[in-house]
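Asks:
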Amino acid sequence: MIRIHALGLALLIFAGQAWAADTLRCGSQLISVGDRTAEVLQKCGEPVARDSLGYKRSANRREEFQVEEWTYGPSNGMYQYLRFEGNRLREITSKRGL
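Numbering (our numbering), first residue to last: 10 to 107.
(1) Measure the Cβ-Cβ separation of residue 92 and residue 78 and say whether it is below 7 Å.
(2) So the candidates are 86, 61, 94 and 64; which of them puts its Cα closest to the Cα of residue 43?
(3) Please identify the residue among 53, 58 and 96 whose C-alpha is closest to the C-alpha of residue 74.
(4) List the endpoints of the continuous beta strand (DSSP E) containing residue 58.
(5) So, are the CB atoms of residue 102 and residue 90 less than 7 Å apart?
(6) Indicate the three-state DSSP secondary structure (helix, strand or coil) for residue 55 in the structure shown.
(7) Could you compute how far the alpha carbon of residue 61 sits from the alpha carbon of residue 99?
(8) Rounded to a whole number of angstroms, what is the C-alpha to C-alpha distance between residue 105 and residue 83?
(9) Measure from the alpha carbon of residue 58 to the alpha carbon of each residue in 41, 35, 76 and 80, then state which is nearest.
The following block contains the structure:
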């Protein structure tokens, strides 16, 4: 019985970490994967850096999307990296600064 509760708790913690990777708090606002660049700018302000990573082709290969990475931080020693593909937020990652 205790093993089942421990397993359930571990799964709950893992699910919480996966959810956190899809959202980021900017002050009192939240941004999420799928948000547009204008929404992110409105909620988080200007990033400290914007890097163009090139272009990515769509699945049907008829369109190309610009890929950018925005950097925010440091906040409590952490940098937040936001990857945009075609004006949509696709990934949020965090790294401790040097």
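Cβ atoms here follow ideal geometry from the backbone N, Cα and C, with glycine treated the same way.
Replies: From the atom records:
(1) yes
(2) 94
(3) Ranked by Cα distance from residue 74, the options 53, 58 and 96 are led by 96.
(4) 58-66
(5) Taking 7 Å as the Cβ cut-off, residue 102 and residue 90 qualify as a contacting pair.
(6) coil
(7) 14 Å
(8) 8 Å
(9) 80
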